[in-house]
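Taken in order, these protein sequences are the chains called H and R.
With my numbering applied, the first sequence has no gaps in its numbers, which climb one by one up to 536 at the end.
With my numbering applied, the second sequence has no gaps in its numbers, which climb one by one up to 536 at the end.
Every residue gets a Cβ at the ideal spot worked out from N, C-alpha and C, and that includes glycine.
This report concerns only the one structure given below.
Protein chains: 2
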Amino acid sequence: VAQESDLIRRHFTGLGAARDDVLLGVGDDAAVLRAPDGCELVLTTDSLVEGVHFLPGSDPRSLGHRALAVNLSDCAAMGARPLWALLALTLPVADDDWLREFAAGFAALARAHEVALVGGNLTRGPLNIGVQLTGCVASGAAITRSGGRPGDWLCLTGTVGDAAAGRQPASGTLVNDDHRRFLRHRFEFPTPRVELGMALPGLASACIDISDGVRVDLERLAEASHCGLQIEVERLPLSAALRALHGENAWRLALSGGEDYELAIAVTETRLQPLLNRAAEKDVPCTPVGRLTAQSGAQWLRAGAVLEVSPGGFDHFAT
Amino acid sequence: VAQESDLIRRHFTGLGAARDDVLLGVGDDAAVLRAPDGCELVLTTDSLVEGVHFLPGSDPRSLGHRALAVNLSDCAAMGARPLWALLALTLPVADDDWLREFAAGFAALARAHEVALVGGNLTRGPLNIGVQLTGCVASGAAITRSGGRPGDWLCLTGTVGDAAAGRQPASGTLVNDDHRRFLRHRFEFPTPRVELGMALPGLASACIDISDGVRVDLERLAEASHCGLQIEVERLPLSAALRALHGENAWRLALSGGEDYELAIAVTETRLQPLLNRAAEKDVPCTPVGRLTAQSGAQWLRAGAVLEVSPGGFDHFAT
Chain H
218 VAQESDLIRR HFTGLGAARD DVLLGVGDDA AVLRAPDGCE LVLTTDSLVE
268 GVHFLPGSDP RSLGHRALAV NLSDCAAMGA RPLWALLALT LPVADDDWLR
318 EFAAGFAALA RAHEVALVGG NLTRGPLNIG VQLTGCVASG AAITRSGGRP
368 GDWLCLTGTV GDAAAGRQPA SGTLVNDDHR RFLRHRFEFP TPRVELGMAL
418 PGLASACIDI SDGVRVDLER LAEASHCGLQ IEVERLPLSA ALRALHGENA
468 WRLALSGGED YELAIAVTET RLQPLLNRAA EKDVPCTPVG RLTAQSGAQW
518 LRAGAVLEVS PGGFDHFAT
Chain R
218 VAQESDLIRR HFTGLGAARD DVLLGVGDDA AVLRAPDGCE LVLTTDSLVE
268 GVHFLPGSDP RSLGHRALAV NLSDCAAMGA RPLWALLALT LPVADDDWLR
318 EFAAGFAALA RAHEVALVGG NLTRGPLNIG VQLTGCVASG AAITRSGGRP
368 GDWLCLTGTV GDAAAGRQPA SGTLVNDDHR RFLRHRFEFP TPRVELGMAL
418 PGLASACIDI SDGVRVDLER LAEASHCGLQ IEVERLPLSA ALRALHGENA
468 WRLALSGGED YELAIAVTET RLQPLLNRAA EKDVPCTPVG RLTAQSGAQW
518 LRAGAVLEVS PGGFDHFAT
């Protein structure tokens, strides 16, 4: 017990950004924070579990990064500014080296987005990394999944499918190492779209982060918005690495893969160009891939034909 | 994946109290909340891990209760009013019956203290229950561990040692079943001192919740307050059940046992009686057990002699 509080103090005190609104951080029964005026709070929690989200022996620096990134991505999808994080870490052994690397990965991403770690909890047990993030958004300005309307464009940030490809263990084939490294990095160190997310209020109708795959998450947004959707699969933004290494399967990985932590943004016709301009200013690729429709149901088009979707993914074409 | 979001919707939507300040609850990328005016926020997180905090096969209703109770206790120790909870649940199998019971235990305690569950996350893996709680306290009024001063009385709420005794599996000896049930209940359904905690601002100098045991936690409070402490072990509030079943060992369980989730409160001489009055109004037993001292170090007195404390507990008397 005493050892656990020592470890927390040693590795988690003052981690991330220093913020004036943190009145009391790690080390008491709870943290004390000053909320910004005129804002609503945005709260989210997401966990990484060994054997589900990562393999045993994964780079702890990547795990520190990803555990925060998945929560930053949720916060960005609401149009909110991230403020404070809490960490609930369950570890099989108290390993100082592991904790140092984990904390370094977490801290680098936290500082990049001015997030302070304000509380932590360390328990022995099977590796489980829970992060909770609090953010703020101007009152009434939060973006939800449900604000989309028929005719809205659907846009994707970045490229999709890279994380699914990068997650697969390297095979022995002679392929371009730079491409392989790129995909691996996209899986291990995803880029949450925090800055663009904060620019969405006033621009976007709806937003969701792509954690479970383009197909599942776009259909969630459409359903929450009481719309259907029509997507042209050829428009999906794919990286050169994904195209080079996965050829004809690239779009399957993009649709079903998950863990990209890109944003899917619904935007009216008149706001499409302003959104694309804003994304360009922030150096974030942003690609229109289709539209929300008044007719319910999802149409995934490829080469002008509707893809047949089975529960397991996109298995074949419909005639 | 789809099944997980179904389970979350089915079991966790609208769980706990209905609150006007919850603008968007379970079901989007994050919750949206309206923070009360003129308050600071209090954030805490605590987890229950199978094999560490509970045995396999534990009553899920108790786990739902305890997972929230440990966080409510942290919040109470800060003098804060609890508002919103998030749940990060890792489960080996998606078991509807288990989830229903867990949710029932969580919800009953949440409603009793007007807490809303505003977000949830469900993952497959070894059983791990993470709860995060946000509360509020008037600006500048939060109670910390570090505000104690030499001469302050140290008081304990309720009775201590019951949870440690109740955690032990029942043996076959012929003992009073009511006593055994009482101790078991104290372990499985601890009573967080939420109402008294909210009354502490303006009364208490310092406070900590007793999660790791009276000895460890009182010494933490004293150390954070840059004081020593002197406690008379005979004053520790022990239940009739603990005395009846554990006789001479009752005080050892009380000192080292942990998981009582009672409050240890430091209070000046002049505020002692007002604190005791306030506790009596709220029907919470509150017992002075000793004082903070100017001289550093901890003195645990029994029958007028100083107990010798070894790292493993209280093993023998000093001469």
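Interface annotation, Met295 (chain H): in contact with chain R, CB-CB separation under 7 Å. Check the Cα spacing between Arg362 (chain H) and each of H:Ala483, H:Thr230, H:Gly507 and H:Asp237: the tightest is with H:Ala483. Scanning chain H for C-beta atoms nearer than 9 Å to the C-beta of Gly336 (chain R) yields Leu260, Thr261, Thr262 and Gln349, reported in chain order. Residue environment: Gly521 (chain R) is assigned as exposed (fewer than 16 neighbouring CB atoms within 10 Å of its CB, all protein chains considered).
Interface residue (Cβ-Cβ distance to chain R less than 7 Å): Glu257 (chain H) is classified as such. Legend: CB atoms of the stretch 311 to 340 of chain H lying less than 7 Å from CB atoms of chain R belong to residues Val335, Gly336, Asn338 and Thr340. Exclusion of the five residues before and after Pro409 (chain R) leaves Ala286, Leu289, Ser290, Ala293 and Tyr478 as the residues of its chain whose Cβ lies within less than 7 Å of its Cβ. The beta-carbon of Pro343 (chain R) is placed less than 7 Å from the nearest beta-carbon of chain H. Ala359 (chain H) has a beta carbon lying within less than 7 Å of a beta carbon in chain R.
When C-alpha distances from Val249 (chain R) are compared across H:Leu250, H:Gly244, H:Ile225 and H:Arg298, the shortest belongs to H:Arg298. Restricting attention to R:Ala461, R:Leu417 and R:Arg341, the CA atom closest to the CA of Lys499 (chain R) is found in R:Leu417.
Pairing His228 (chain H) with Gly281 (chain R), the inter-Cα distance amounts to about 30 Å. By the rule that beta-carbons nearer than 7 Å mark a contact, Val269 (chain H) touches chain R.
In the three-state scheme derived from DSSP, where H, G and I count as helix and E and B as strand, Phe399 (chain R) is classed as helix. Here DSSP, grouped into helix, strand and coil, assigns Ser279 (chain R) to helix. Sixteen is the threshold: since fewer than 16 other Cβ atoms of the shown chains lie within 10 Å of the Cβ of Asn494 (chain R), the residue is exposed.
Straight-line spacing of the CA atoms in Ala421 (chain H) and His396 (chain H) works out to 33 Å.
Here Ala235 (chain R) is exposed, its C-beta having fewer than 16 other C-beta atoms within 10 Å. When C-beta atoms of the stretch 343 to 356 of chain R are compared with those of the stretch 266 to 278 of chain R, three or more pairs fall below 8 Å, so the two segments count as touching. DSSP places Asp426 (chain R) in the uninterrupted beta strand (DSSP E) bounded by Ala423 to Ile427. Identification of residues in the stretch 364 to 390 of chain R having a C-beta nearer than 7 Å to some C-beta of chain H yields an empty set. The stretch 428 to 446 of chain H makes no contact with the stretch 305 to 312 of chain H: fewer than 3 CB pairs, one atom from each, lie closer than 8 Å. Under the DSSP assignment, Thr485 (chain H) falls outside any alpha helix (DSSP H); it carries neither an H nor an E label.
In the DSSP annotation of this structure, the continuous segment of the alpha helix (DSSP H) that includes Arg432 (chain H) starts and ends at Val431 to Ala441.
Residues of chain H with a Cβ closer than 8 Å to the Cβ of Thr307 (chain R) are, in chain order, Ser264, Val266 and Asn345. Around the CB of Thr487 (chain H), fewer than 16 other CB atoms lie within 10 Å, so the residue is classed as exposed. Residues of the stretch 450 to 467 of chain R with a C-beta less than 7 Å from any C-beta of chain H: none at all.
Between Pro502 (chain H) and Asp246 (chain R), the alpha-carbon positions lie close to 22 Å from each other. Contacts between Arg362 (chain R) and chain H, judged by CB atoms closer than 9 Å, involve Gly244, Asp245 and Asp246 in chain order.
Listed by position along chain H, the residues whose Cβ is nearer than 7 Å to that of Ala252 (chain R) are Ala252 and Leu258.
Nearest Cα to Leu339 (chain H) within the set H:Ala320, H:Phe406 and H:Gly514: H:Ala320. Ile425 (chain H) reaches chain R at Asp245 and Asp246, counting residues in chain order whose Cβ is nearer than 9 Å.
With fewer than 16 other CB atoms across the displayed protein chains lying within 10 angstroms of its CB, Leu272 (chain R) is exposed.
Just so you know, the alpha carbons of Asp238 (chain R) and Arg251 (chain R) end up roughly 5 Å apart. At least one beta carbon of chain R lies nearer than 7 Å to the beta carbon of Val249 (chain H). An exposed status is given to Ser513 (chain H), since fewer than 16 other beta-carbon atoms sit within 10 Å of its beta-carbon.
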